[in-house]
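Peer 1:
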Amino acid sequence: MRVLLVSCLLTFFHSFAQIGEIRVGAVLPPGASPALEAVRNGLRMGEEEYDLNARLLGWRFRVLTATAPTPAAAAQVAERFASQGVSALVGGFADQAPALARVAQARRIPLLNIGDPSDRLRNEACNPYMFHLEASAAMYLDALATWFVRAGLRTWFLVYGGPEGGDLRARARKALLERHFGARIVGEKGVQERAFQEVLQAIRRAQPQVVLLLLPPEAQLAFLGQYERVGLAAQVTGFPYPEAQTRAFFREALARAPRSGGGYRAVLWEAKLDAYGARELNARYLEKFGFPMDPPAWAAYQAVKILFEAVAFTQSKEGGRIRAHLRDPQAVFDVHKGIGVSFRPWDQQLRQPLYLVKLASAKEAWDLASLVGELPAIYRPGTDPVERLDQLGDLKRDSRCRLGGG
Amino acid sequence: MGRIYRVSLLVFVLCASSLGPIALVQPAARYRAYVSNEYGASITVIDVTSDSVIGTISISGRPGEVRPRGMAVSPDGRTIYVALSDFNPRVETKEDKVVAIDVASNRVVAEYRVGTNPERVALSPDGTQLWAANENAARATGFDLRTGRVLGDFQTGVEPEGVAVSPDGRWVYVTGETSHTVTVIDARELRVLRHFLVAQRPRFVVFSQDGAKAYVSGEIGGAVSVVDAREHRVVQTISLGLDSRPVEMALSLDGRLLFVAGGGTSAVYAVDTTQNRVVRVIRERMGRRPWGIAITPDGSKIYTANGLSDSVSVIDPTNLAVIRSVSVGRGPHSVVIGVVQ
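Respectively, the protein sequence lines represent chains A and B.
Throughout the first sequence, residue numbering follows the numbering used here, covering -1 to 404 in sequence.
Throughout the second sequence, residue numbering follows the numbering used here, covering 5 to 345 in sequence.
(1) Is B:Asp90 buried or exposed, if buried means 16 or more other CB atoms sit within 10 Å of its CB?
(2) Which partner residues does B:Gly59 have in the DSSP bridge list?
(3) For A:Pro28, count neighbouring C-beta atoms within 10 Å of its own C-beta (all shown protein chains included) and say buried if the count is 16 or more, exposed if not.
(4) What alpha helix (DSSP H) runs, 4 residues minimum, are completely inside the segment 55 to 120 of chain A?
(5) If you draw a straight line from the C-alpha of B:Thr185 to the C-alpha of A:Asp382, how long is it?
(6) Below 8 Å on the Cβ atoms is my contact criterion, and I expect B:Ala136 with B:Ala216 to pass it. Report the Cβ-Cβ distance as a whole number of Å.
(7) Touch check for the segment 46 to 61 of chain A and the segment 155 to 170 of chain B: three-plus C-beta pairs under 8 Å?
(8) Does DSSP classify A:Tyr299 as helix, strand or coil?
(9) Determine the closest residue to A:Ser85 out of A:Arg263, A:Pro351, A:Asn39 and A:Gly23, with distance taken between C-alpha atoms.
(10) Determine which residues share a DSSP beta bridge with A:Lys172 and list them.
(11) Under the rule that 16 or more other beta-carbon atoms within 10 Å means buried, what is B:Ser56, buried or exposed?
(12) Hey, would you say B:Gly342 sits closer than 8 Å to B:Val107, going by beta carbons?
(13) Measure from the alpha carbon of A:Leu401 to the alpha carbon of each residue in A:Pro379, A:Ala360, A:Leu210 and A:Asp326, then state which is nearest.
(14) Does the distance between the C-beta of B:Ser78 and the nearest non-hydrogen atom of the ligand FMN fall short of 7 Å?
(15) Going by the beta-carbon positions, is the gap between A:Tyr377 and B:Gly268 smaller than 8 Å?
(16) DSSP three-state label for B:Tyr177, please.
(17) Taking only beta-carbon atoms, is A:Leu54 less than 8 Å away from chain B?
(18) Helix, strand or coil for A:Asp396 per DSSP?
(19) Only counting runs of 3 or more residues, tell me where the beta strand (DSSP E) segments fall wholly within the segment 259 to 324 of chain A, in order along the chain.
(20) Shorter than 8 Å from the beta carbon of A:Val147 to some beta carbon of chain B?
(21) Using CA atoms only, rank isn't needed, just tell me which of B:Val70, B:Met290, B:Val340 and B:Arg281 is closest to B:Glu252.
(22) Determine the direct distance from the alpha carbon of B:Glu193 to that of B:Asp232, and round the result to whole angstroms.
(23) Could you compute how far the alpha carbon of B:Arg198 sits from the alpha carbon of B:Tyr85?
(24) Over what stretch of residues does the beta strand (DSSP E) that includes B:Gln213 continue unbroken?
(25) Determine, for B:Tyr162, whether the minimum Cβ-Cβ distance to residues of chain A falls below 8 Å.
(26) Would you mind telling me which residues of chain A sit closer than 7 Å to B:Thr179, beta carbon to beta carbon, in chain order?
(27) Shortest alpha-carbon distance to B:Thr263 belongs to which of B:Val318, B:Arg205, B:Val238 and B:Leu312?
(28) Find the residues of chain A that neighbour B:Leu246, judging by a C-beta separation of less than 8 Å, and give them in chain order.
(29) Anything in the segment 99 to 112 of chain A with a Cβ closer than 8 Å to a Cβ of chain B? List those residues in chain order, please.
(30) Hey, how far is the Cα of A:Ala141 from the Cα of A:Leu119?
(31) DSSP three-state label for A:Asp49, please.
(32) Taking the alpha carbon of B:Glu115 as the point to measure from, which residue in B:Leu127, B:Arg124, B:Val102 and B:Glu123 has its own alpha carbon closest?
(33) In chain A, which residues lie less than 7 Å from B:Gly68 when you measure between Cβ atoms?
(34) Which residues share a DSSP beta bridge with B:Trp135?
(35) Which residue marks the beginning of the alpha helix (DSSP H) containing A:Tyr239, and which one marks its end?
(36) If you draw a straight line from the C-alpha of A:Thr153 to the C-alpha of A:Phe194, how long is it?
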């Protein structure tokens, strides 16, 4: 019996001992924006916590971080990381996701996209080695449409612009007109510059209940400033690019538009979420960095956590096996959202709940946002949890990605 | 008439005395269910015979700030230990402690400091050691109730929650919610033996009566990990379904059925431990979000603490059906059974 016991223990420790040190390479653009700062913090906290966990199991977990100013430079950094034996890549900011995905595919290691919500990456530009922890634009737009329409706000005005404005507009129309019956688009306007006079006049004429800004973050702020001055009453919300989900952005929005900037926003995570273990995660982050956990920090932290779990449950640091685990329909990940989540097999998008926050002027960063909604509601006994999560975003029949499965 | 009565009584007492002490001085044990109300900062006491609330013990004058959560019962059933903390998990405050409630009087009779943010507690079978999972410190603390001293604090996985002591008192299992681990502490040597992986977000652990197995509920994994408690390794995983959200568990007296509180699914799962499969899901009349679950020592009733309906559901273990619902305080977290001799 004792021999058997020792044999089992040795087998177990041998399997973990083989892992040794796992390395993950994170590629970020340079700069000190609040979103990037949050990402760095999330990676740091993730590395500390999961290296601690790895040590409990007899191995090590390292996160290597480097900056790259362009997609081409990001690819070079990713190549260097791959040469150093990283098991996975993390990144996706500043249009670097496609370049990183190409390296990931060539090196046969997974990439976790934590910064790019573009639907193109989940459709015609999908890549079998790219997994999306960041929610897709389709998910955010479906969530926004659901929240506002359910609240009785049915008439919409779309303001679109920037490199992705056209795609966002098309998907917003689908969210409002096809997926959430009862909504009506009473006007839409494309903008090239940050002069919004014509748009504001059109909004005044159309009298919508909601103005949806499908604009880059800085343009959203510029619009809010001008919108505030003309005194229109419709609620304004904006597409939640990662930069537009930070409390620094909320503060700036409220500074430029104290009234109309205090609306509702969709977010990937909220520092005031206090169920499902989120309270403890948020508290650890707040204590460590002295600032609430912004959504980009959460995404970075969870990227590390998901990769840790993939290694732990496969007992392998080999990129192919990690990728297979991420794609496994039976694999479940715990991202502090109270429900096991998984990657959709057809486009490798993480199905997950999103949150709605209400902004309010405040001195303390903590008080700038309040959690007011969760979608989908995760407590729905008697319904299939995967189908419940798939209420947001594109189903397989809508997807132009051909990764199969599901 | 009076004389006849007095003589009869004398004869009865003499006869009864000749039967020895057992027949005379051992009245049937009476059970009380203790329910920790996380948001009410109180403990509701239920008489198990009538399923009526017989008292509420205030734990703090700051409901909504001080949280009673996990509980444990002394081996003789006469003392309830309640883990207390507050909603500021990263700072150790005077509210972070374990209080002892005397079942006979329903009074708090002692309190112990067992590190920051204790979430759940467990007692050794001889009642001398108290073990606490310190949720935000990634530690577990052992406390000697005889000396009033801390035995030691030990590294666990991140966000430790479930804690249990093996029936022989040798091993302490502590679950790490975020790490998906169980930490094995040698309670005799006072050292960590090892850590091993279980189903995702392990919330609770219970040993089989013979100490051969342990069951660990994985909330996010929707599964119960069956652990060989002599080799400290998972030997089987029982899937309850992705949406089952298993939290607290309780074993039937014969160990053949494992009752699993299905948290967010408002259900209780009955698992046949001989086949390791679900044999019944109890949903009808179940309160919302059953988090805690306990069986009376005589096996006659099962109680669940229902966090979202501020109630306790009473289950008949024979028919596996809810027979009653009892209103309790705000946010019931756990339930244990005390004994009044």
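Where is the CB? At the ideal position from N, CA and C, for every residue including glycine.
These numbers were taken from a predicted model, which means no experiment stands behind them.
Peer 2: By the coordinates alone:
(1) buried
(2) B:Val49
(3) exposed
(4) 69 to 81 and 95 to 105
(5) 27 Å
(6) With 8 Å as the limit, B:Ala136 and B:Ala216 do not qualify as a contact, their Cβ atoms being about 25 Å apart.
(7) yes
(8) helix
(9) A:Gly23
(10) The partner list for A:Lys172 (beta bridge, DSSP) is empty, contrary to what the question assumes.
(11) exposed
(12) yes
(13) A:Asp326
(14) Absent from the structure shown: the ligand FMN. Ligands present: none.
(15) yes
(16) strand
(17) yes
(18) helix
(19) 262 to 265
(20) no
(21) B:Val340
(22) 20 Å
(23) 27 Å
(24) First-last for B:Gln213: undefined, no H or E at that position.
(25) First, the amino acid is wrong: residue 162 of chain B is Val here, not Tyr. Interface residue, yes.
(26) Those within 7 Å of B:Thr179 in chain A number zero; the least Cβ separation is about 12 Å.
(27) One point to set straight first is that residue 263 of chain B is Phe, not Thr, in the sequence displayed. Nearest option by C-alpha distance: B:Val318.
(28) Val330, Gly338, Pro383 and Val384
(29) none
(30) 19 Å
(31) helix
(32) B:Val102
(33) What B:Gly68 touches in chain A: nothing, since even the nearest Cβ is about 12 Å away.
(34) B:Ala126 and B:Gly146
(35) First-last for A:Tyr239: undefined, no H or E at that position.
(36) 20 Å
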